[in-house]
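Peer 1:
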Amino acid sequence: MTIETLDGLAERSPGVTAAAGFRASGITAGLKSSGRPDLALVVNEGPSQVAAAVFTTNRVVGAPVVWSRQAVADGVVSAVVLNSGGANVCTGPDGFLDVHRTAEKVGAVLELSPGDVVVCSTGLIGEPLPIGKVLAGVDVAVSALSRTGGYDAAVAIMTTDTVPKTAHLTVPGDQGEWTVGGMAKGAGMLAPGLATMLCVITTDAVIDVETAQAALRSAVSQTFDRIDSDGCMSTSDTVTLLVSGASRAVPDPAGFTAALTQVCAQLSRALIADAEGASHDIAVTVMNASTEAAGLAVARAVARSNLFKAAMFGNDPNWGRVLAQVGTVPESVAPYDPDQLDVTINGVQVCKSGGAYQPRTDVDLAASREVHVLIDLHAGSEVVTVWTNDLTHDYVLENSAYST
Numbered sequence: 017m018t019i020e021t022l023d024g025l026a027e028r029s030p031g032v033t034a035a036a037g038f039r040a041s042g043i044t045a046g047l048k049s050s051g052r053p054d055l056a057l058v059v060n061e062g063p064s065q066v067a068a069a070v071f072t073t074n075r076v077v078g079a080p081v082v083w084s085r086q087a088v089a090d091g092v093v094s095a096v097v098l099n100s101g102g103a104n105v106c107t108g109p110d111g112f113l114d115v116h117r118t119a120e121k122v123g124a125v126l127e128l129s130p131g132d133v134v135v136c137s138t139g140l141i142g143e144p145l146p147i148g149k150v151l152a153g154v155d156v157a158v159s160a161l162s163r164t165g166g167y168d169a170a171v172a173i174m175t176t177d178t179v180p181k182t183a184h185l186t187v188p189g190d191q192g193e194w195t196v197g198g199m200a201k202g203a204g205m206l207a208p209g210l211a212t213m214l215c216v217i218t219t220d221a222v223i224d225v226e227t228a229q230a231a232l233r234s235a236v237s238q239t240f241d242r243i244d245s246d247g248c249m250s251t252s253d254t255v256t257l258l259v260s261g262a263s264r265a266v267p268d269p270a271g272f273t274a275a276l277t278q279v280c281a282q283l284s285r286a287l288i289a290d291a292e293g294a295s296h297d298i299a300v301t302v303m304n305a306s307t308e309a310a311g312l313a314v315a316r317a318v319a320r321s322n323l324f325k326a327a328m329f330g331n332d333p334n335w336g337r338v339l340a341q342v343g344t345v346p347e348s349v350a351p352y353d354p355d356q357l358d359v360t361i362n363g364v365q366v367c368k369s370g371g372a373y374q375p376r377t378d379v380d381l382a383a384s385r386e387v388h389v390l391i392d393l394h395a396g397s398e399v400v401t402v403w404t405n406d407l408t409h410d411y412v413l414e415n416s417a418y419s420t
């Protein structure tokens with residue numbers, strides 16, 4: 017597997033065009049004042065057109081989410097068109113009409129049903145899209161489609177991202193090898209709700225709709241649902257899985273789910289690594305929880321604490337802020353004995369049985385970007401990890417000026 021990283025040292029992954037049967041493109045339609053690429057297209061050339069998707073659970077959603085939920089409902093999708101430079105959220109009936117026009121334009125140019133086109137948009141909420149530029153951009157994107165265009169597509173969906181996020185995995189099998197590839201965008205508003213950003217994943221394996229949907233939900237729940245940058249859920253989050261079947265290889269469902277989960281894990285970690293202004297990637301692991309839900313509740317409580325995140329930014333292993341957040345989770349959700357809690361930060365057990373243990377000065381938070389916080393509830397056997405990041409001056413500055 018390969019993935020683009022912040023240091024640029026990793027091999028460039030073809031992402032969504034790593035799997036056979038797909039073409040993609042990323043072009044500049046003029047939606048961004050910066051003049052950077054802002055429109056991407058991914059096309060499934062088959063022979064299969066199977067698809068599955070998960071969407072944000074935010075009650076306020078963009079017109080593209082409303083449309084795309086309908087488009088994928090029958091398990092068939094032929095193309096995904098994505099734009100950055102505008103979210104098309106809270107834009108009223110005209111916003112939905114613009115989505116319809118976009119899908120119709122893609123359908124007309126590619127000679128496929130508009131109802132089989134997923135539409136995704138990302139950017140500022142409450143501003144109408146310059147639909148004329150979008151429609152003209154579709155023509156350019158179709159002409160630029162390529163079996164090596166996955167990386168360009170990943171670049172075109174970036175907003176505050178500093179690098180494109182792509183990954184792929186090729187799996188050998190008795191019937192021949194098959195591949196899962198993907199691209200994602202997101203650097204802020206990363207809070208779980210079935211999905212946490214825009215993501216397109218492709219595979220040339222042969223799988224049916226039921227397997228695709230079950231595998232995607234499982235993979236997302238273990239990866240994208242367990243990153244939490246700033247506790248802010250987007251209105252546009254969409255993860256779409258497209259299945260071409262071009263390899264003719266039929267993996268067993270468990271094997272396919274495992275491969276899909278691995279690609280999703282790589283992409284989700286790339287999102288955290290590129291979180292707006294962050295200087296630390298933080299793994300909050302809760303062990304010996306009574307249930308998975310209990311462990312997740314505790315991990316999320318810590319990961320969403322601005323006090324905790326600010327301490328990590330200051331390289332301060334303030335474990336008291338960890339325990340304070342653990343204590344906000346109701347006993348009915350996560351039973352545990354406060355006098356039995358242990359906390360370890362980067363291998364140093366700073367808290368044992370609810371009190372100070374090893375000196376916090378033994379913890380080194382400056383040597384590495386990654387921070388590992390381990391919380392032992394001594395209440396069961398479940399282990400859960402949620403990735404987050406620190407709260408920095410740069411995050412505040414970037415988001416204070418996002419719309420200006």
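Taking my numbering, the leading residue of the sequence shown gets 17, the next gets one more, and so forth. For every residue, glycine included, the Cβ atom is placed at its ideal position computed from N, Cα and C.
Please go through the same chain and pick out, in chain order, the residues whose beta-carbon is closer than 6 angstroms to the beta-carbon of I311, but skip the five residues on each side of it.
Peer 2: Rather than Ile, the amino acid found at residue 311 in this sequence is Gly. Result list for G311: V302, A305, E398 and V400, in chain order.
Peer 1: With H, G and I counted as helix, E and B as strand and the rest as coil, what does DSSP make of A211?
Peer 2: For A211, the predicted structure reports a pLDDT of 42, less than 50, and the residue's modelled location is therefore unreliable. A value from the coordinates is still provided. Residue state, collapsed to three classes: coil.
Peer 1: On the DSSP letters alone, give me the boundaries of the alpha helix (DSSP H) that N322 sits inside.
Peer 2: Taken as a continuous stretch (DSSP letters only), the alpha helix (DSSP H) holding N322 covers N322 to F329.
Peer 1: Are the Cβ atoms of A221 and A265 separated by less than 7 angstroms?
Peer 2: For A221 and A265, yes; Cβs fall inside 7 angstroms.
Peer 1: For the beta strand (DSSP E) containing G138, name the first residue and the last one.
Peer 2: Checking the sequence shown, residue 138 turns out to be Thr, not Gly. Looking at the DSSP string, the run of the beta strand (DSSP E) that includes T138 is V133 to T138.
Peer 1: Please state the DSSP three-state secondary structure of V93.
Peer 2: In this structure, V93 counts as coil in the three-state DSSP scheme.
Peer 1: In terms of residue numbering, what span does the beta strand (DSSP E) encompassing H388 cover?
Peer 2: Start and end: E386 to D392.
Peer 1: Where L407 and S321 are concerned, what is the direct C-alpha to C-alpha distance, given to the nearest angstrom?
Peer 2: Cα to Cα, the separation comes out at about 9 angstroms.
Peer 1: Could you tell me if D190 is buried or exposed, where buried requires 16 or more neighbouring beta carbons within 10 angstroms of its beta carbon?
Peer 2: D190 comes out exposed.
Peer 1: Could you compute how far the alpha carbon of Y352 sits from the alpha carbon of L390?
Peer 2: If you take the alpha carbons of Y352 and L390, they lie about 15 angstroms apart.
Peer 1: Determine the extent of the beta strand (DSSP E) in which H184 is found, giving its start and end residues.
Peer 2: Element bounds for H184: K181 to V187.
Peer 1: Just how far apart, CA to CA, sit T344 and L323?
Peer 2: The alpha-carbon atoms of T344 and L323 are separated by roughly 14 angstroms.
Peer 1: Measure from the alpha carbon of A69 to the alpha carbon of each residue in V125, L57 and E226, then state which is nearest.
Peer 2: Of the candidates V125, L57 and E226, the one whose C-alpha sits nearest the C-alpha of A69 is E226.
Peer 1: Is A383 buried or exposed, if buried means 16 or more other CB atoms sit within 10 Å of its CB?
Peer 2: So A383 counts as exposed.
Peer 1: Looking at the secondary structure, which residues open and close the alpha helix (DSSP H) in which D114 lies?
Peer 2: Looking at the DSSP string, the run of the alpha helix (DSSP H) that includes D114 is G108 to L126.
Peer 1: Could you have a look at D358 and say whether DSSP puts it in helix, strand or coil?
Peer 2: Strand at D358.
Peer 1: Just to confirm my understanding: we take T219, look at its own chain, exclude 5 residues before and 5 after, and list those with CB closer than 6 angstroms. What are they?
Peer 2: Excluding positions up to five away in sequence, the list reads A35, V196 and V259.
Peer 1: Does Q86 come out as helix, strand or coil in the three-state DSSP assignment?
Peer 2: Helix.
Peer 1: Compare the C-beta of G189 with all C-beta atoms of chain D and state if any pair is closer than 7 angstroms.
Peer 2: No chain D is part of this structure, which consists of one protein chain only.
Peer 1: Can you tell me whether I147 is helix, strand or coil according to DSSP?
Peer 2: It is helical.
Peer 1: Out of D177, G271 and L145, point me to the one whose CA is closest to I223's CA.
Peer 2: Nearest C-alpha to I223: G271.
Peer 1: According to the neighbour-count rule (16 or more other Cβ atoms, all chains shown, within 10 Å of its Cβ), is E193 buried or exposed?
Peer 2: Counting Cβ neighbours within 10 Å, E193 comes out exposed, since fewer than 16 surround it.
Peer 1: If we call anything under 7 angstroms between Cβ atoms a contact, is P30 one with G261?
Peer 2: No, these two residues do not count as a Cβ contact at 7 angstroms.
Peer 1: Please classify H184 as buried or exposed, where buried requires at least 16 neighbouring CB atoms within 10 angstroms.
Peer 2: Answer is buried; the Cβ neighbour count reaches 16.
Peer 1: Within the same chain, show all residues whose beta-carbon is closer than 8 angstroms to that of N423, passing over the 5 residues directly before and after it, in chain order.
Peer 2: Any answer about residue 423 is impossible in this case: the structure gives the chain only from 17 up to 420.
Peer 1: Can you look up V66 in the DSSP assignment and give me helix, strand or coil?
Peer 2: Note: V66 maps to strand in three-state DSSP.
Peer 1: Just to check my reading of the structure: V279 and A169 have Cβ atoms closer than 8 angstroms, yes? What is that Cβ distance to the nearest angstrom?
Peer 2: In fact, because the Cβ distance is near 16 angstroms, the residues do not count as touching under 8 angstroms.
Peer 1: For P53 and G371, what's the separation of their Cα atoms in angstroms?
Peer 2: Their backbone Cα atoms lie some 53 angstroms apart in a straight line.
Peer 1: Looking at the unbroken beta strand (DSSP E) that takes in V58, where does it start and where does it end?
Peer 2: L55 to N60 is the extent of the beta strand (DSSP E) around V58.
Peer 1: Who are the near neighbours of V349 in its chain, counting only those whose CB is closer than 8 angstroms to its CB and skipping five residues on each side?
Peer 2: Closer than 8 angstroms at the Cβ level, and outside the excluded window around V349, lie A309, A310 and A313.
Peer 1: In or out: E292 buried (at least 16 other Cβ within 10 Å) or exposed?
Peer 2: That one is buried.
Peer 1: At which residues does the beta strand (DSSP E) containing D297 begin and terminate?
Peer 2: Element bounds for D297: D297 to A305.
Peer 1: Sorted by chain position, which residues of the same chain lie with C-beta nearer than 6 angstroms to P144's C-beta, five sequence neighbours on each side aside?
Peer 2: Answer for P144: T107, listed in chain order.
Peer 1: Below 6 angstroms CB to CB, which residues in the same chain sit around R376 once its five sequence neighbours on both sides are set aside?
Peer 2: Correct list, in chain order: P333 and V366.
Peer 1: Have a look at the DSSP bridge pairing and note the partners of S100.
Peer 2: BP columns for S100 point to T138.
Peer 1: Need the endpoints of the alpha helix (DSSP H) that E398 sits in, please.
Peer 2: It is not in any alpha helix (DSSP H) - E398 instead sits in the beta strand (DSSP E) that spans E398 to N405.
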